[in-house]
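Engineer:
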Amino acid sequence: MATTVGQVIKCKAAVAWEPKKPLTIETIEVAPPKAGEVRIKVAASGVCHTDAYTLGGLDSEGIFPVILGHEGAGIVESVGEGVTKFQPGDHVIPLYIPQCFECRFCKSPKTNLCPKVRATQGKGVMPDGTTRFTCNGKPIYHFMGTSTFAEYTVVAEVSLAKIDTSAALEKVCLLGCGIPTGYGAALNTAKVEAGSSCAVWGLGAVGLAVVMGCKAAGASRIIG
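Okay, so the sequence shown: first residue is 1 according to the UniProt record's numbering, each after it adds one.
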């Protein structure tokens, strides 16, 4: 069986060529991962309001053309030089908020403040300032360091979490954004206490995750 390691991969992706216009399915080229990077075969991706927000031209950091998507799960296809935490075959979730495990925030419970976030997103490129995507000879930008609306994507090593291979990828992809957003809102922000009565406005993916968080915290009554 032919290997794709070190090769440019052609695959399908939903490309946003410009704001306020529908996504189009295109054949793109995905370059091999460079040092400190990982290429992933995306198995599943959710759709978040943030994707629509950027596509709608409301995101001040939005840059086009771009491959959106940041709620994904997949399998590592290949790794770049120096990558030690992942290997081909690992099941992973891309992280739009990186975790370097080295800064003072990553060594505390405040890992969401890792400063590497400014290197992995906000500019539409990888940390080295270049993109791994092209389409018909044109560079396509990355989104939130993840770009999960493609069959293959490349992310920085610090933007990945390894998961159990028995986890259903079409379900755990939601752990990339919606579930921890709502769950964390209940436990970390609202600090719901056992026996509390809670009211949740809006029962979409994030709202239902809030309900899960309230239940885990021991709330006695949850109204949605």
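Cβ coordinates follow ideal geometry from the N, Cα and C atoms, glycine included. Predicted model only: the values in this text are computed from it and were never measured.
Quick one: Cα of L208 to Cα of G182, how far?
Structural biologist: 7 Å
Engineer: Can you tell me which of the three DSSP states L23 falls into?
Structural biologist: coil
Engineer: In this structure, does DSSP put Y152 in helix, strand or coil?
Structural biologist: strand
Engineer: From T120 to L187, what distance separates their C-alpha atoms?
Structural biologist: 27 Å
Engineer: With DSSP as the reference, label P139 as helix, strand or coil.
Structural biologist: strand
Engineer: With C177 and Y96 assumed to form a contact (beta carbons below 8 Å), what rounded beta-carbon distance in angstroms separates them?
Structural biologist: 7 Å
Engineer: According to the neighbour-count rule (16 or more other Cβ atoms, all chains shown, within 10 Å of its Cβ), is P127 buried or exposed?
Structural biologist: buried
Engineer: Considering only the alpha carbon of each residue, which of P33, K171, C135 lies closest to I25?
Structural biologist: Among P33, K171, C135, the Cα nearest to that of I25 is on C135.
Engineer: For V117, which residues of its own chain have a beta-carbon under 7 Å away from its beta-carbon, when the five flanking residues on both sides are left out?
Structural biologist: Only I97, P98 meet the Cβ criterion.
Engineer: How should E77 be labelled, buried or exposed, when 16 other C-beta atoms within 10 angstroms of its C-beta is the threshold for buried?
Structural biologist: buried
Engineer: Round the Cβ separation of F101 and K162 to the nearest angstrom and send it over; I've been treating them as touching at under 8 Å.
Structural biologist: F101 to K162, Cβ: 13 Å. No contact.
Engineer: Using CA atoms only, rank isn't needed, just tell me which of K10, P94, K21, G56 is closest to A43.
Structural biologist: P94
Engineer: Compute the Euclidean distance between the alpha carbons of K20 and D51, then round it to the nearest angstrom.
Structural biologist: 12 Å
Engineer: For a minimum of 4 consecutive residues, which ranges assigned as the alpha helix (DSSP H) are wholly contained in the UniProt domain "Alcohol dehydrogenase-like N-terminal" (35 to 163)?
Structural biologist: 49 to 55, 117 to 120
Engineer: Are the stretch 7 to 23 and the stretch 136 to 153 in contact at 8 Å, needing three or more beta carbon pairs?
Structural biologist: yes
Engineer: Taking P33 as the reference, which of L113, G224, H49, T131 has the closest Cα?
Structural biologist: T131
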